[in-house]
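Enquirer:
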Amino acid sequence: MSEFLHYFESSRRLTAVLLPFRLEDMIREWSGLRSVMARTCPKSFTREEWGYLLHFLSEENLIRPFEQSFGRRVKKSKRPVTALLRPRGPVAIWLPNNVSLLGPLTAILMSLGGNALCIKTGSHSHDLTVPFLDFCRARLKKGVLADYLTRQVAADHFDHEDPRNSRMSQEAQLRIAFGSDQAVLAVHALPHPLHSTGVSFSDRQSQAWVEPKALTEAMLVDLIKVFAVYGQAGCTSPQKVILLGGDRRKALALRDALVKVWPKVIRRDPPLDAASENLMVYQWATMMGWEAALAPRQGAVFAVGHFSSPPFQGRMALPIIPATLEEARLRLPPTIQTLGYAVSNPRNSRWLKLLGTTVVKRFVPIARMHHFGPVWDGWDFWREGFENVEVSVGSR
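Just so you know, we're using the numbering used here here: the sequence shown kicks off at 2 and counts up by one.
#1: In or out: residue 270 buried (at least 16 other Cβ within 10 Å) or exposed?
#2: Quick one: measure Cβ to Cβ for residue 249 and residue 323, integer angstroms, because I've assumed they're closer than 8 Å.
#3: Distance, Cα to Cα, residue 300 vs residue 25?
#4: So, is residue 349 buried or exposed, given that buried needs 16 or more other C-beta atoms within 10 angstroms?
#5: Taking the alpha-carbon of residue 212 as reference, which of 267, 232 and 326 has the nearest alpha-carbon?
#6: Cα-Cα, which of 363, 232 and 388 is closest to residue 196?
#7: Please report the straight-line C-alpha distance between residue 276 and residue 232, rounded to a whole angstrom.
#8: Can you give me the C-alpha to C-alpha distance between residue 168 and residue 7, rounded to a whole angstrom?
#9: So what does DSSP say about residue 94, is it helix, strand or coil?
#10: Is DSSP giving residue 255 helix, strand or coil here?
#11: Are residue 199 and residue 176 touching if we call contact CB-CB under 7 Å?
#12: Assign residue 265 to one of two classes, buried (16 or more other C-beta atoms within 10 Å of its C-beta) or exposed (fewer than that).
#13: Would you give the residue range spanned by the alpha helix (DSSP H) that residue 166 belongs to?
#14: With which residues is residue 341 paired in a DSSP beta bridge?
#15: Could you check if residue 2 is buried or exposed, using at least 16 other CB atoms within 10 Å of its CB as the buried criterion?
#16: Alpha carbon to alpha carbon, what distance is there between residue 366 and residue 227?
#17: Between which two residues does the beta strand (DSSP E) harbouring residue 1 extend?
#18: Where in the segment 179-204 do unbroken runs of the alpha helix (DSSP H), each at least 4 residues long, occur, reported from the N-terminal end onward?
#19: Could you give the DSSP three-state label for residue 137: helix, strand or coil?
#20: Rounded to the nearest angstrom, what separates residue 115 and residue 88 at their Cα positions?
#21: What is the residue span of the beta strand (DSSP E) that residue 6 lies within?
#22: Would you give the residue range spanned by the alpha helix (DSSP H) that residue 62 belongs to?
#23: Who are the Cβ neighbours of residue 48 in its own chain at under 6 Å, not counting the five residues just before and after it?
#24: Residues in the same chain with beta-carbon distance under 7 Å from residue 307, minus the five sequence neighbours each way, listed in chain order, please.
#25: Please return the same chain residues whose Cβ sits closer than 7 Å to the Cβ of residue 132, not counting the five positions on each side in sequence.
#26: Hey, residue 134 and residue 156 are a contact pair by Cβ (cut 8 Å); roughly how many whole angstroms apart?
#27: Does residue 208 pass the burial test, meaning 16 or more other C-beta atoms within 10 Å, or should it be called exposed?
#28: How many angstroms separate the CA atom of residue 382 from the CA atom of residue 14?
Shown next, in the form of structure tokens:
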């Protein structure tokens with residue numbers, strides 16, 4: 002394949018990025034799949050999952066990793082190039098069992114760096130990576146993306162004892178491991194090249210922080226949408242709703258509002274086993290002192306309690322806890338990843354000061370809790386797909 006230089010300019014430098022394709026061609030062909038995707042939805046995907054992928058493939062979203070990492074794209078500049086970025090080499094990706102969309106999203110993002118990809122899907126997951134790649138290959142007969150997906154991308158489903166894990170690790174210059182702490186440790190314990198890079202995304206959880214005056218129907222819709230995708234299983238799903246500055250009465254009002262809005266957002270019936278489980282969880286939470294309520298059709302459980310209330314578990318159960326801001330900060334779990342917010346004036350410096358005293362990795366509007374990007378868990382992992390070559394100009 003030919004090599005192409007692309008230029009990006011920031012206030013500090015002009016960066017040249019070497020890729021094995023014209024970036025505009027790759028982005029245009031990825032984005033061009035949207036018109037086909039809009040007319041169908043494969044059986045492997047829910048409409049929400051397919052719609053998210055369709056949105057993710059917009060041209061503006063696909064150029065964003067480059068501009069976020071290197072600056073705005075330019076054709077010409079009077080400034081000398083002071084950094085050259087080139088693809089680091091083969092990338093191996095181990096996916097988790099609980100976030101099915103992560104595979105397609107990671108494959109799309111990492112493809113933009115021009116590296117060969119080898120992807121292991123979750124051992125016990127509902128895999129969407131292989132069906133998505135098959136869908137793309139079947140509809141792309143020619144072009145840089147078709148060639149890349151055919152020659153450079155491999156994805157398969159196998160367990161952690163399979164010898165292919167070692168081959169992936171030994172051949173990769175960048176290893177990206179998602180999953181439990183134990184799974185991630187096992188991946189990085191595999192033999193790997195001396196100067197390769199390993200990126201770890203292990204056990205994490207998230208919360209939604211809301212203020213009573215932000216409880217609009219639009220916010221409730223956003224909250225239900227992000228929770229309903231994965232329930233308690235996703236690392237970016239709200240595992241608790243913290244009602245900042247609220248009390249029991251306001252928390253109960255929030256619970257009842259979620260129950261009321263639920264059927265406007267979730268129109269399908271839950272599977273019978275899920276509905277039965279939710280009824281059991283509702284009874285369990287009630288016996289443990291939580292003030293619980295079932296969503297219509299037993300689609301979810303919303304329960305009001307306190308930080309000191311006995312914990313209960315359920316895939317589609319969402320605790321609601323009124324607390325002061327300081328209580329919420331002090332009660333953050335050590336594995337906290339995302340805070341989805343619905344608060345007034347989120348740009349206020351008090352939020353920056355608060356975040357600076359925690360291990361929170363993301364502070365985003367509730368609607369963006371699941372939005373995946375080139376920076377994750379505080380790690381610019383997409384940028385790790387490139388090797389940096391310092392370029393010095395001048396005689397000294």
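Positions of the beta carbon are idealized from the N, C-alpha and C atoms, including for glycine. Every value quoted in this text rests on a predicted model; they were computed, and no experiment measured them.
Expert: Looking at the atomic coordinates:
#1: exposed
#2: 6 Å
#3: 44 Å
#4: exposed
#5: 326
#6: 388
#7: 13 Å
#8: 32 Å
#9: strand
#10: helix
#11: yes
#12: exposed
#13: 165-172
#14: 209 and 365
#15: With a pLDDT of 48 at residue 2, under the threshold of 50, the predicted position of this residue should be treated as unreliable, though the coordinate-derived value follows. Label assigned to residue 2: exposed.
#16: 11 Å
#17: The requested residue 1 does not occur in the structure, where the chain is confined to residues 2 to 397.
#18: 182-189
#19: helix
#20: 6 Å
#21: 5-10
#22: 60-71
#23: 42
#24: 322
#25: 43 and 45
#26: 6 Å
#27: buried
#28: 21 Å
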